[in-house]
Amino acid sequence: MTRFRSRPLAASAAGGAPALTSTGDPSGMDWPREDEPEARPDWRERFALGTDLALIGVVVTAAALPVLTLTAALAAGSTAVHHRYREGRLPAFRPLLRQYGRSILPGIPFVLVAVLLLIDLLALSRGLVPGGTPVLLVTAGVAGLLAGVATLALVAVGRDPDTPWRAALSWAWSRTSARPWAAIAPALAGVMAFFLALSVPATIPLVIGFHLFAAHVISDRLAPASSIRGGHHPSA
384 MTRFRSRPLA ASAAGGAPAL TSTGDPSGMD WPREDEPEAR PDWRERFALG TDLALIGVVV
444 TAAALPVLTL TAALAAGSTA VHHRYREGRL PAFRPLLRQY GRSILPGIPF VLVAVLLLID
504 LLALSRGLVP GGTPVLLVTA GVAGLLAGVA TLALVAVGRD PDTPWRAALS WAWSRTSARP
564 WAAIAPALAG VMAFFLALSV PATIPLVIGF HLFAAHVISD RLAPASSIRG GHHPSA
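In terms of the working numbering, the numbers along the sequence shown are unbroken and rise by one, the last being 619.
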């Protein structure tokens, strides 16, 4: 749609009558101008983004194979996805490798908690422990909420790789308390990614990269970085 842009009127030297300002047209007329079309990524840029996310997922999967390094691999992958998301290119490899190395030990307790929750859910679903369906649903809900909080913490670490895990979790929990959807939305995306990976195990590397990207996009809407700087900065 064509928009008409108003221009100030300049007083003429003779009688003070308003006159149209010069627009570069020889006739001195103020012709309507069309807005510049908004630049949008074409198919090549979208294909490059998908390829980079797949590459990040493959590297994260390989780095997480020892299992105890899962959290460190996800943290480095979150940083890579955030850099690709914001800067339009992949980050340098060495900073990611350093982040991966220093995140292994602090991340082991989170891996153990995740493994225990998974074992508990499997035992409840197979009837190996008492409680039945009600306890299974409650446990699944708690596990989903904790997964959403952990995803927010990964996003915080991706935004600032120097963020301590305790500070990232504190910020993620504060955002969840203030706005539960900030954790529920990425948790639901994680559930979908989890069942997709179970259905087609060969897609696990792709699912990881794209889920990290979705977590950053969702968190930018529901838990933006400005809220971190506003008083709950994870590096504080």
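Glycine included, C-beta positions come from ideal geometry on N, C-alpha and C.
In this text the structure is predicted, and so the values were computed from the model without any measurement.
Pairwise C-alpha distance: residue j and residue i
i: Ala523; j: Ala555; result: 20 Å
i: Ala437; j: Leu589; result: 5 Å
i: Ala568; j: Ala561; result: 14 Å
i: Ala621; j: Thr559; result: This structure does not reach residue 621, given that the chain is present from 384 up to 619, and the question cannot be answered.
i: Asp425; j: Arg604; result: 23 Å
i: Val494; j: Val450; result: 8 Å
i: Thr534; j: Ala598; result: 7 Å
i: Phe430; j: Ile587; result: 19 Å
i: Leu549; j: Ala606; result: A small fix is needed here, since residue 549 is Arg in this sequence, not Leu. Rounded to the nearest angstrom, the two C-alpha atoms are 18 Å apart.
i: Ala566; j: Val600; result: 13 Å
i: Val496; j: Ala475; result: 31 Å
i: Gly510; j: Val498; result: 18 Å
i: Ser610; j: Gln482; result: Low per-residue confidence applies at Ser610: pLDDT is 48, beneath 50, and the placement is therefore not dependable, though the value from the model is reported in the following sentence. Straight-line Cα distance between these residues: approximately 24 Å.
i: Val512; j: Leu520; result: 14 Å
i: Leu505; j: Leu432; result: 36 Å
i: Ser557; j: Leu480; result: 29 Å
i: Arg477; j: Leu581; result: 32 Å
i: Ala585; j: Ala445; result: 13 Å
Three-state class that DSSP yields for residue i in the structure shown
i: Ala447; result: coil
i: Gly510; result: coil
i: Val532; result: helix
i: Ala555; result: helix
i: Pro517; result: helix
i: Asp603; result: helix
i: Arg549; result: helix
i: Gly471; result: coil
i: Pro544; result: coil
Top-ranked residue by Cα proximity to residue i, from the options
i: Val540; options: Arg427, Ser602 and Ile587; result: Ser602
i: Val351; options: Glu428, Ala459, Val521 and Ala497; result: The chain is shown only over 384 to 619; residue 351 falls outside these bounds and no answer can be derived.
i: Val443; options: Trp426, Glu428, Arg429 and Ser461; result: Ser461
i: Val355; options: Val512, Ala446 and Ile439; result: Only positions 384 to 619 of the chain appear in this structure, which leaves residue 355 out of reach.
i: Leu501; options: Arg481, Gln482, Gly514 and Val525; result: Val525
Own chain partners of residue i with C-beta closer than 6 Å, once the 5 adjacent residues on each side are dropped
i: Asp435; result: Arg467 and Leu473
i: Ala447; result: Leu453 and Ala456
i: Ala551; result: Ala536, Ala539, Val540 and Pro617
Own chain, CB closer than 7 Å to residue i, minus 5 neighbours either side, in chain order
i: Gly515; result: none
i: Val518; result: Leu507
i: Ile491; result: Leu451
i: Arg427; result: none
i: Asp503; result: Thr522
Residues near residue i in its chain [Cβ-Cβ closer than 8 Å; skip 5 each side]
i: Trp564; result: Leu605
i: Leu579; result: Thr586 and Val590
Residue i CB to nearest heavy atom of the ligand FMN below 8 Å
i: Met575; result: No copy of the ligand FMN appears in this structure; indeed no ligand is present at all.
For the 8 Å Cβ check, are there 3 or more pairs between the stretch 443-458 and the stretch 472-491?
Between the stretch 443-458 and the stretch 472-491, the count of Cβ pairs shorter than 8 Å is three or higher; the stretches touch.
Three or more C-beta pairs under 8 Å: does that hold for the stretch 542-549 against the stretch 511-530?
Contact between the stretch 542-549 and the stretch 511-530 is absent: fewer than 3 CB-CB pairs across the two stretches fall below 8 Å.
Assess, as a yes-or-no matter, whether the stretch 588-595 is touched by the stretch 567-580 under the definition of 3 or more beta carbon pairs within less than 8 Å.
In short, these stretches touch, since the Cβ pair count reaches three.
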